[in-house]
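2 protein chains.
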Amino acid sequence: MLKEERFQIILDQLGHEQKVYLGHLSTLLNVSEDTVRRDIKELADQGLLKSVRGGAVPHSPGPHHFRDRIKYDNDQKQIIARKALQFLKDGQVVIFDGGTSAMLIAQMLPKDLKLTVITNSFPIASILEEHEHVDVLFAGGRLLKDSFVTIGNDAIQFFKKFRADICLLGICSIHADLGVTGPDFEESEVKRTMIESSKEVIALATTEKLGTAEAYYVCRTERLSMIVTDKEPDNKDFDIYRKLGISLV
Amino acid sequence: MLKEERFQIILDQLGHEQKVYLGHLSTLLNVSEDTVRRDIKELADQGLLKSVRGGAVPHSPGPHHFRDRIKYDNDQKQIIARKALQFLKDGQVVIFDGGTSAMLIAQMLPKDLKLTVITNSFPIASILEEHEHVDVLFAGGRLLKDSFVTIGNDAIQFFKKFRADICLLGICSIHADLGVTGPDFEESEVKRTMIESSKEVIALATTEKLGTAEAYYVCRTERLSMIVTDKEPDNKDFDIYRKLGISLV
DNA sequence: TCTATTTGTGCAATATTTTGCAATATTAAA
DNA sequence: TTTAATATTGCAAAATATTGCACAAATAGA
Numbered sequence: 001m002l003k004e005e006r007f008q009i010i011l012d013q014l015g016h017e018q019k020v021y022l023g024h025l026s027t028l029l030n031v032s033e034d035t036v037r038r039d040i041k042e043l044a045d046q047g048l049l050k051s052v053r054g055g056a057v058p059h060s061p062g063p064h065h066f067r068d069r070i071k072y073d074n075d076q077k078q079i080i081a082r083k084a085l086q087f088l089k090d091g092q093v094v095i096f097d098g099g100t101s102a103m104l105i106a107q108m109l110p111k112d113l114k115l116t117v118i119t120n121s122f123p124i125a126s127i128l129e130e131h132e133h134v135d136v137l138f139a140g141g142r143l144l145k146d147s148f149v150t151i152g153n154d155a156i157q158f159f160k161k162f163r164a165d166i167c168l169l170g171i172c173s174i175h176a177d178l179g180v181t182g183p184d185f186e187e188s189e190v191k192r193t194m195i196e197s198s199k200e201v202i203a204l205a206t207t208e209k210l211g212t213a214e215a216y217y218v219c220r221t222e223r224l225s226m227i228v229t230d231k232e233p234d235n236k237d238f239d240i241y242r243k244l245g246i247s248l249v
Numbered sequence: 001m002l003k004e005e006r007f008q009i010i011l012d013q014l015g016h017e018q019k020v021y022l023g024h025l026s027t028l029l030n031v032s033e034d035t036v037r038r039d040i041k042e043l044a045d046q047g048l049l050k051s052v053r054g055g056a057v058p059h060s061p062g063p064h065h066f067r068d069r070i071k072y073d074n075d076q077k078q079i080i081a082r083k084a085l086q087f088l089k090d091g092q093v094v095i096f097d098g099g100t101s102a103m104l105i106a107q108m109l110p111k112d113l114k115l116t117v118i119t120n121s122f123p124i125a126s127i128l129e130e131h132e133h134v135d136v137l138f139a140g141g142r143l144l145k146d147s148f149v150t151i152g153n154d155a156i157q158f159f160k161k162f163r164a165d166i167c168l169l170g171i172c173s174i175h176a177d178l179g180v181t182g183p184d185f186e187e188s189e190v191k192r193t194m195i196e197s198s199k200e201v202i203a204l205a206t207t208e209k210l211g212t213a214e215a216y217y218v219c220r221t222e223r224l225s226m227i228v229t230d231k232e233p234d235n236k237d238f239d240i241y242r243k244l245g246i247s248l249v
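Top line first, the protein sequences correspond to chains A and B. Read in order, the letters of the first sequence correspond to residues 1 to 249 in UniProt numbering. Read in order, the letters of the second sequence correspond to residues 1 to 249 in UniProt numbering.
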């Protein structure tokens with residue numbers, strides 16, 4: 001096998017995974033871990049990925065240093081993202097919420113998928129900038145430091161203009177009676193508008209967020225079309241949501 | 001078998017596969033590996049494929065990303081950015097245009113300067129995110145791929161809401177009679193609104209852009225308060241602008 | 001036609017690169 | 001701290017490239 005073939009395979013892996021491991025690649029490519037390490041170093045020198053302890057993570061070009069803040073080792077969220085991905089179809093208009101879960105979805109998105117994406121998240125917009133067939137509509141507003149999303153009335157008014165097919169709602173607390181809630185007032189306001197502007201709402205939630213509530217109201221639980229979790233969906237804890245007509249995945 | 005026939009077969013192989021091996025070609029073409037190697041070298045010299053250890057791979061055209069563009073000829077622009085920097089004072093509301101010049105200014109901005117920045121440029125917003133005392137208001141709209149700015153009616157409406165102290169206008173063509181012009185229609189539309197929403201307009205222009213014109217009108221020359229160039233401002237070529245009441249720096 | 005020259009090919013000697021291993025150093029986690 | 005995992009370094013063996021050369025085939029000029 002040519003060295004270039006190995007390079008291609010490593011880069012392909014990083015197209016849909018957020019991290020590749022030395023050990024995994026070593027068996028996959030049939031070479032020693034040392035060789036994989038050297039390959040990764042060479043690719044890192046070319047700026048095609050970022051070498052990290054134990055493997056490598058994607059490193060996309062462009063001036064987006066917020067990309068570095070992604071926590072790549074978040075297995076739960078990665079599982080959720082992979083599950084959610086299957087519900088995105090060609091031609092849809094999708095609102096992406098600003099959380100890390102939605103960001104992972106953006107990163108795993110097949111490059112040939114045609115979408116119109118509406119978002120208020122810098123990281124998501126900058127990831128999708130590389131997708132030729134994705135139109136990005138970005139919500140203006142005040143930039144919230146450290147979470148890289150725009151908020152405020154301008155962002156709200158922006159989302160109100162659209163009628164999206166799907167809203168990918170980042171991880172919030174979900175409680176069957178109290179509804180969907182979030183920890184930040186202004187972000188919750190924006191989320192509420194995102195939901196109002198979408199036909200279907202897919203909530204991305206790690207299981208520990210189910211049954212909990214936070215200070216600020218976002219929407220009623222029944223408004224959700226689907227909850228994507230990191231666990232098996234046939235758990236009986238989830239029955240309460242199924243009764244409300246919500247699919248669990 | 002003619003050498004040209006071998007060439008054709010090698011190239012055909014690379015049309016289907018992503019790689020060819022020396023050994024494989026050697027048996028296929030009934031010549032020694034040395035000959036194949038020489039063939040590949042010759043084809044590589046013509047740029048028809050890429051010679052690699054053990055075989056060859058298709059020649060991939062390198063990506064031309066935003067990041068790559070930043071490096072080029074920024075000496076001039078750095079001079080301009082440094083000069084422009086002195087006009088920014090605490091407490092001002094400043095509109096940053098999306099060009100590389102404005103980006104360099106953002107990069108050089110002292111961390112303790114208090115500003116409100118209004119922009120439609122991702123790179124600028126993400127640079128300023130690290131400035132604790134800078135409030136960033138980001139214009140929504142359609143994201144223009146590869147230049148990382150938002151454009152369209154939404155962006156225009158956003159800028160119309162403000163009354164800024166200064167507009168830092170990225171490098172356009174400036175002609176004393178024909179006014180300020182740009183090469184892209186939609187970007188020029190946005191620039192026009194930026195200018196309308198600002199008290200003062202500081203144009204950033206490399207000297208070769210002075211006296212030239214492009215297709216799309218942005219504003220009259222007199223509307224500029226100042227032109228920052230990379231040359232000494234006492235050049236007599238600049239007199240024509242001074243007569244219009246524009247400072248040169 | 002015949003010779004002289006060029007070109008393409010394979011072979012062998014030598015140089016370079018790649019690879020895996022082992023010893024040592026560094027880092028992250030308990 | 002100690003401990004386990006991962007990285008780095010130097011090295012030798014294997015794989016591959018390069019070079020020089022001999023020889024054959026094709027080409028050109030007389």
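For glycine and all other residues, C-beta sits at the position ideal for the given N, C-alpha and C. This one's a predicted model, so the numbers in the text were calculated from it and none came from an experiment.
Checklist line | Start-end ranges of the beta strand (DSSP E) lying completely within the stretch 187-237 of chain B, minimum 3 residues | finding: 198-204, 216-219 and 226-228
Check: Counting contacts by CB-CB distance shorter than 8 Å, is threonine 193 of chain B in contact with chain A?
Finding: no
Notebook entry, point to check: If you run the structure through DSSP and keep just helix, strand and coil, what is glutamine 157 of chain A?
Noted result: helix
Next item on the list: Check phenylalanine 138 of chain A in the structure and name its three-state DSSP category.
Entry: strand
Notebook entry, point to check: So what does DSSP say about histidine 133 of chain A, is it helix, strand or coil?
Noted result: coil
Next item on the list: Work out the CA separation of phenylalanine 122 of chain B and glutamate 187 of chain B for me, nearest whole Å.
Entry: 15 Å
Next item on the list: Taking only beta-carbon positions, decide if aspartate 68 of chain A is within less than 8 Å of chain B.
Entry: With a pLDDT of 46 at aspartate 68 of chain A, under the threshold of 50, the predicted position of this residue should be treated as unreliable, and no value is reported.
Check: In chain order, what residues of the same chain lie with their CB nearer than 8 Å to the CB of valine 201 of chain A, ignoring the 5 residues before and after it?
Finding: Ile166, Cys167, Leu169, Ile195, Cys219, Arg223, Leu224, Ser225 and Met226
Checklist line | Spatial distance of tyrosine 241 of chain A from alanine 106 of chain A (CA atoms) | finding: 27 Å
Notebook entry, point to check: Cα-Cα, which of B:Glu33, B:Ala203, B:Gln76 and B:Ile9 is closest to leucine 49 of chain B?
Noted result: B:Ile9
Check: Are the stretch 18-34 of chain B and the stretch 52-61 of chain B touching, with three or more C-beta to C-beta distances below 8 Å?
Finding: yes
Item checked: Reference glycine 152 of chain A, options A:Gly141, A:Phe158 and A:Phe162, closest by Cα -> A:Gly141
Check: Buried or exposed: where does phenylalanine 158 of chain A fall if 16 or more other Cβ atoms within 10 Å of its Cβ makes it buried?
Finding: buried
Note to self: Extract the residue ranges of the beta strand (DSSP E) inside the UniProt domain "HTH deoR-type" (3-58) of chain B, only unbroken runs of 3 or more that lie entirely within it.
What the structure shows: 49-52 and 55-58
Next item on the list: Could you tell me which of B:Thr150, B:Lys236 and B:Leu11 sits nearest to glycine 98 of chain B, measuring between CA atoms?
Entry: B:Thr150
Next item on the list: Check the DSSP bridge columns for cysteine 167 of chain A and list the partner residues they point to.
Entry: A:Ile95 and A:Val201
Checklist line | Contact with chain B by valine 20 of chain A, beta-carbon distance below 8 Å | finding: no
Checklist line | Nearest-angstrom beta carbon gap, isoleucine 118 of chain B and isoleucine 95 of chain B [assumed within contact, 8 Å] | finding: 5 Å
Next item on the list: Quick one: give me the first and last residue of the beta strand (DSSP E) that residue 283 of chain B is part of.
Entry: Since the first and last residues shown for chain B are 1 and 249, residue 283 of chain B lies out of range.
Note to self: Comparing C-alpha positions only, which one of A:Leu204, A:Ser197 and A:Gln13 sits nearest to threonine 181 of chain A?
What the structure shows: A:Leu204
Notebook entry, point to check: Is aspartate 154 of chain A close to chain B, meaning its C-beta is less than 8 Å from at least one C-beta of that chain?
Noted result: yes
Next item on the list: Return the CA-CA distance between threonine 229 of chain A and aspartate 112 of chain B, expressed in angstroms with no decimal places.
Entry: 44 Å
Check: Is the Cβ-Cβ distance between glutamate 129 of chain B and phenylalanine 138 of chain A less than 8 Å?
Finding: no
Notebook entry, point to check: What are the partner residues of glycine 245 of chain A, as DSSP defines its beta bridges?
Noted result: BP columns for glycine 245 of chain A are empty, so no partner.
Check: Between which two residues does the beta strand (DSSP E) carrying serine 173 of chain B extend?
Finding: 173-175
Note to self: Among B:Val190, B:Tyr216, B:His175 and B:Val134, whose alpha-carbon lies nearest the alpha-carbon of glutamate 208 of chain B?
What the structure shows: B:His175
Item checked: Closest Cα partner of glycine 211 of chain A within the set A:Ser173, A:Glu4 and A:Lys199 -> A:Ser173
Notebook entry, point to check: To which residues of the same chain is aspartate 135 of chain A closer than 6 Å at the C-beta, ignoring the five residues directly before and after it?
Noted result: Thr116
Next item on the list: Kindly list, in the order they appear in chain B, the residues whose Cβ is closer than 9 Å to that of arginine 142 of chain A.
Entry: Asp135, Val136, Leu137 and Phe138
Check: Can you tell me whether DSSP reads leucine 85 of chain B as helix, strand or coil?
Finding: helix
Check: If you draw a straight line from the C-alpha of glycine 47 of chain A to the C-alpha of glutamate 132 of chain B, how long is it?
Finding: 29 Å
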